[in-house]
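Worksheet: the structure to be examined is printed underneath.
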Amino acid sequence: MNYSTLTELYEQITSTSKRLLKTKYLSDFIKKSPIEDLDILIRMVRGKVFADYEEEKLGISSKIILKVISLSTGMTAKEVEDEWKKTGDLGIVAENLVKTKKQVTLFSNDLTVNKVYDNIRRLPNIDGHGSVDTKIKIISELLTSAKPAEAKYIVRTVLEEMRVGIGDGLVRDAFLWTWFGNELNINFNEEKNVIDFTDEERLAYNKYSDNIQRAFDITNDFSKVGQLCVKGIEAVENVNLEIGNPIKVMLCPKVADVNEAFEKLGSPIQVEYKYDGFRVQIHKSKKGVVIFTRSLENVTIQFPEVKEYVEKNISGYEFIIDCEAVGFDEKTQKYMPFQHISQRIKRKHGIEELSKKLPVELNVFDLLYYEGESLIKKPLNKRVEKLESIITPIPKKIVLARKLITNDANEAQKFYNQALDDGEEGVIIKKVDSEYKPGKRVGGWVKLKPVMEALDVVITGAEWGEGKRSEWMTSFAIAIVDEFGEFLEIGKVGTGIKELEGQSDDVVTFDKLTELLKPLIIEENGKEVMVRPHIVIEVNYEEIQKSTTYSSGYALRFPRLIRLREDRNADGASTAEMVEEFYYGQK
Ligand code: ATP
Numbered sequence: 011m012n013y014s015t016l017t018e019l020y021e022q023i024t025s026t027s028k029r030l031l032k033t034k035y036l037s038d039f040i041k042k043s044p045i046e047d048l049d050i051l052i053r054m055v056r057g058k059v060f061a062d063y064e065e066e067k068l069g070i071s072s073k074i075i076l077k078v079i080s081l082s083t084g085m086t087a088k089e090v091e092d093e094w095k096k097t098g099d100l101g102i103v104a105e106n107l108v109k110t111k112k113q114v115t116l117f118s119n120d121l122t123v124n125k126v127y128d129n130i131r132r133l134p135n136i137d138g139h140g141s142v143d144t145k146i147k148i149i150s151e152l153l154t155s156a157k158p159a160e161a162k163y164i165v166r167t168v169l170e171e172m173r174v175g176i177g178d179g180l181v182r183d184a185f186l187w188t189w190f191g192n193e194l195n196i197n198f199n200e201e202k203n204v205i206d207f208t209d210e211e212r213l214a215y216n217k218y219s220d221n222i223q224r225a226f227d228i229t230n231d232f233s234k235v236g237q238l239c240v241k242g243i244e245a246v247e248n249v250n251l252e253i254g255n256p257i258k259v260m261l262c263p264k265v266a267d268v269n270e271a272f273e274k275l276g277s278p279i280q281v282e283y284k285y286d287g288f289r290v291q292i293h294k295s296k297k298g299v300v301i302f303t304r305s306l307e308n309v310t311i312q313f314p315e316v317k318e319y320v321e322k323n324i325s326g327y328e329f330i331i332d333c334e335a336v337g338f339d340e341k342t343q344k345y346m347p348f349q350h351i352s353q354r355i356k357r358k359h360g361i362e363e364l365s366k367k368l369p370v371e372l373n374v375f376d377l378l379y380y381e382g383e384s385l386i387k388k389p390l391n392k393r394v395e396k397l398e399s400i401i402t403p404i405p406k407k408i409v410l411a412r413k414l415i416t417n418d419a420n421e422a423q424k425f426y427n428q429a430l431d432d433g434e435e436g437v438i439i440k441k442v443d444s445e446y447k448p449g450k451r452v453g454g455w456v457k458l459k460p461v462m463e464a465l466d467v468v469i470t471g472a473e474w475g476e477g478k479r480s481e482w483m484t485s486f487a488i489a490i491v492d493e494f495g496e497f498l499e500i501g502k503v504g505t506g507i508k509e510l511e512g513q514s515d516d517v518v519t520f521d522k523l524t525e526l527l528k529p530l531i532i533e534e535n536g537k538e539v540m541v542r543p544h545i546v547i548e549v550n551y552e553e554i555q556k557s558t559t560y561s562s563g564y565a566l567r568f569p570r571l572i573r574l575r576e577d578r579n580a581d582g583a584s585t586a587e588m589v590e591e592f593y594y595g596q597k
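Below, the structure is given as structure tokens:
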């Protein structure tokens with residue numbers, strides 16, 4: 011496909027705020043796309059050349075892009091910078107300057123989506139001497155052949171700052187319109203901006219939509235889901251897990267007490283310790299053991315000891331387990347809060363050494379696949395029964411999550427208290443016969459914990475400090491994410507961050523945050539900067555209030571940074587839906 015076709019779609023989608031119209035544009039685009047190319051095309055549509063489960067990160071700075079624009083348009087660095095100051099958007103700078111240049115040369119090759127995709131994907135793998143120059147060359151090659159609007163979107167894709175706003179919900183609905191439009195009688199009335207549905211038709215629409223979402227959550231592959239859609243909704247419903255391909259993990263909403271858990275889940279319930287570690291999904295197949303985080307990042311190399319426990323202590327050739335890995339101090343044997351262990355997730359060097367100093371214990375709680383068979387539609391008690399029969403637990407290496415099955419509220423309450431006494435965060439309570447629902451927050455699991463729910467928010471802007479703090483950014487604009495992938499601001503945070511340098515790895519200082527955010531700056535205005543939404547932090551607060559100041563419609567009262575969430579990308583931030591739920595929950 012020519013890149014210009016994709017560029018037209020970007021322009022169409024940004025031209026309207028109407029969600030149904032955006033869906034129509036995207037669906038028309040999908041109809042034109044070969045299904046086998048859909049995975050790449052949809053990634054490009056969303057401005058993400060790497061899937062979540064791929065390890066590569068682009069990390070191209072604004073500085074590099076300034077050089078690229080200068081090189082490929084023949085403008086001086088100063089001219090490009092001036093234009094940047096004027097417009098505040100490097101995508102627009104590229105568009106404007108390419109326009110000026112093209113008037114002179116009037117020459118361009120047709121760029122294809124694949125060419126843009128391939129060039130951008132090469133970037134993270136270039137390192138060593140001269141790597142910056144090579145990267146500049148690879149991006150410039152694209153810009154030299156680009157038409158003005160194409161240049162804008164190439165720059166934005168490279169900077170991972172699309173500003174187009176295409177989230178999961180939109181892609182899912184566009185798939186639905188493309189393949190089930192007739193079957194579901196989707197008649198979009200563009201003028202009135204509505205679909206005229208009967209109640210029954212709406213129900214069917216929602217059911218199909220859930221099925222497609224589930225297929226995305228299980229395969230994480232748009233081409234595969236497209237191929238299933240062509241076969242019909244039954245094929246989508248029966249989508250298969252594939253060993254080696256990570257699936258989105260099941261999540262849970264919060265309940266206020268044990269009784270609410272019984273109300274929601276029926277009786278008996280399965281109450282499990284809620285360990286304070288990080289989620290890992292582990293696949294074992296002929297190809298070996300692969301470990302994925304909750305954001306589906308492959309961290310196998312970082313956790314050699316976990317790989318070994320899984321190989322030695324679980325019998326079977328092929329399986330997928332769901333677990334929480336909890337770190338402890340080798341010397342004191344004491345469990346450590348997640349912050350201390352998070353450094354292991356990003357570690358590239360000295361991995362063996364760190365795994366000895368800060369080893370993890372694997373708490374296994376679910377089995378999703380075993381010897382060629384997907385178990386996610388089987389009831390939880392059957393899955394756990396199987397899990398218990400194949401695992402040989404060894405404390406401080408690999409264990410089963412502690413659990414109690416009961417229909418007695420007092421027993422459940424005692425178990426919860428015990429979990430807190432043992433230093434755990436609380437309990438996860440599960441419906442004994444529930445299916446495993448990938449990516450779902452509502453579906454048979456709930457959590458019970460004593461503290462006000464913290465939020466994972468994305469930093470979208472910052473302010474430089476004053477006086478002796480002028481070298482640092484000291485106040486940070488924070489945002490949550492909505493169903494369509496848009497970031498909605500919910501406040502500013504400046505507390506919970508330390509001033510002192512030389513702190514240990516897991517302490518967040520102003521200096522550290524500033525260093526993380528500097529390469530992400532997309533716009534500066536006096537003391538204020540806008541940054542690409544990449545860095546996720548966890549914040550506590552006293553209360554959620556309604557607010558007209560921030561785009562989310564809510565504001566956090568006294569937000570305070572608890573930690574960096576390096577295990578989470580911006581899409582995985584707390585959602586608008588959660589904030590609404592917490593807002594009403596606190597009353
Ligand atoms: P968020 O609040 O954004 O969903 P979080 O990491 O703070 O994320 P919670 O929602 O509070 O987590 O709790 C759910 C998490 O608890 C799971 O994602 C998992 O990592 C962890 N967990 C610990 N023990 C268990 C268990 N026995 N069963 C399921 N999940 C568990």
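The sequence shown begins at 11 in the numbering used here and counts up by one.
Every residue gets a Cβ at the ideal spot worked out from N, C-alpha and C, and that includes glycine.
Nearest-angstrom beta carbon gap, residue j and residue i [assumed within contact, 8 Å]
i	j	result
Asp-577	Thr-303	5 Å
Ile-164	Leu-180	Rounded, the Cβ-Cβ distance is 22 Å, inconsistent with contact.
Ile-351	Phe-288	7 Å
Ile-488	Val-517	The Cβ separation is near 19 Å, so there is no contact.
Leu-238	Tyr-218	With a Cβ gap of about 12 Å, Leu-238 and Tyr-218 do not count as contacting.
Glu-105	Pro-158	5 Å
Phe-190	Ile-136	About 43 Å; that fails the 8 Å criterion.
Ser-584	Ile-490	5 Å
C-beta contact flag for residue i and residue j at 7 Å
i	j	result
Ile-149	Val-126	no
Ala-586	Asp-492	yes
Glu-600	Arg-542	The first residue shown for the chain is 11 and the last is 597, placing residue 600 beyond what the model contains.
Leu-510	Ala-472	no
Tyr-564	Ile-572	no
Ser-384	Leu-251	yes
Tyr-379	Ile-330	yes
Lys-162	Gly-98	no
Ile-52	Phe-185	no
Ile-130	Val-59	yes
Ser-365	Glu-328	no
Asp-332	Asp-286	no
Gly-506	Arg-570	yes
Glu-315	Pro-403	no
Ser-480	Gly-504	no
Tyr-446	Glu-499	no
Tyr-319	Leu-372	yes
Tyr-63	Glu-160	no
Thr-524	Met-462	no
Any non-hydrogen atom of the ligand ATP within 6 Å of residue i CB
i	result
Arg-567	no
Lys-457	yes
Glu-211	no
Asp-466	yes
Phe-592	no
Glu-170	no
Tyr-63	no
Ile-439	no
In DSSP terms, what residue i is bridged to
i	result
Tyr-283	Val-437
Tyr-380	Phe-329, Glu-383
Trp-455	Lys-440
Arg-573	Glu-548
Leu-410	Val-374
Asp-466	Glu-548
Asn-308	Phe-302
Glu-534	Val-539
Ser-233	According to DSSP, Ser-233 bridges with nothing at all.
Met-483	Trp-474
Ile-335	Position check: residue 335 holds Ala in this sequence, whereas Ile was assumed. Looking at the DSSP assignment, Ala-335 forms a beta bridge with Phe-288, Leu-372.
Gln-555	Ala-565
Lys-32	According to DSSP, Lys-32 bridges with nothing at all.
His-293	Val-300, Ile-330
Proximity test, Cβ basis, 7 Å: residue i and chain B
i	result
Lys-28	In summary, chain B is missing from the structure at hand, where a single protein chain is found.
Practice item. Take every Cβ of the region 271-286, pair it with every Cβ of the region 432-445, and state whether three or more of those distances are shorter than 8 Å. Key: yes
Check your understanding: Between the region 169-179 and the region 20-30, do at least 3 Cβ pairs fall closer than 8 Å?
Key -> yes
Check your understanding: How about the region 448-465 and the region 303-316: do they share at least three Cβ pairs that are nearer than 8 Å?
Key -> no
Review point. If you pair each beta-carbon of the region 185-204 with each one of the region 82-90, do three or more pairs fall below 8 Å?
Key: no
Review point. Given 8 Å as the limit, is there contact between the region 25-38 and the region 56-70, that is, 3 or more CB pairs closer than that?
Key: no
Check your understanding: Do the region 211-226 and the region 242-257 make contact, defined as three or more Cβ pairs closer than 8 Å?
Key -> yes
Exercise for review: Would you be able to state if there are at least three C-beta pairs under 8 Å between the region 76-83 and the region 204-211?
Suggested key: no
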